[in-house]
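Peer 1: Sequential numbering from -9 applies to the sequence shown in my numbering. Dropping the structure in here first, questions after.
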Amino acid sequence: MPVELPTWVWIGVVLIVLAVPLLLIFWPATPAAVKEARELECIERTGVIRTVVSDPERGLLLGRVAVVLQPVSRKSGLVAIDGELFLARPVSPMRPVPRGERVHVSAFSGATLLVARRASMLL
């Protein structure tokens, strides 16, 4: 013999059953996505790249010298640091970096390194 429950109770049960899996799927990605979106918005609005180091391994990469394996432009690029490969973009999007050149790691944008030409190469 089934129990008769009010309609609002059934609606609440359905909402909870649907909300829990969605929260479990999307919650872990949300804080990182919001942080990255804020950093990108800050860069686009001000043109200034803030270097925020919260991950110790990232901090170890800042200031390191990398070798360009694929030309680094505003759309793509690949650099190597001690044999490890990283996606890269130039700090100045108007100045792409050719293959074989050495660059300095200046900052991060998500998982992409932002690199600048070495000062000695610019003189």
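All residues carry an ideal CB built from backbone N, CA and C; glycine is no exception. Here the structure is a predicted model, which is why all the values come from computation and not from measurement.
Which class does Val57 belong to by DSSP, given the choice of helix, strand or coil?
Peer 2: In this structure, Val57 counts as strand in the three-state DSSP scheme.
Peer 1: In whole angstroms, give me the CA-to-CA distance for Leu59 and Leu14.
Peer 2: Their backbone Cα atoms lie some 39 Å apart in a straight line.
Peer 1: Which whole-angstrom value describes the C-beta separation of Pro61 and Arg85, a residue pair presumed to lie in contact below a C-beta threshold of 8 Å?
Peer 2: Not a contact, Cβ separation roughly 12 Å.
Peer 1: Give me, in chain order, the residues of the same chain whose beta-carbon lies closer than 7 Å to that of Thr102; leave out the 5 immediate sequence neighbours on both sides.
Peer 2: Cβ within range, chain order: Leu77, Ala78, Arg79.
Peer 1: Kindly indicate the opening and closing residues of the alpha helix (DSSP H) around Val3.
Peer 2: Val3 -> alpha helix (DSSP H) spans -3 to 16.
Peer 1: Output the distance between the C-alpha atoms of Ala56 and Gly2, rounded to the nearest integer angstrom.
Peer 2: So the alpha carbons of these two residues sit roughly 55 Å apart.
Peer 1: Rounding to the nearest angstrom, what Cα-Cα distance links Leu50 and Ala97 in this structure?
Peer 2: For Leu50 and Ala97, the distance between alpha carbons rounds to 11 Å.
Peer 1: Which of helix, strand or coil does DSSP assign to Leu68?
Peer 2: Three-state DSSP puts Leu68 in a strand.
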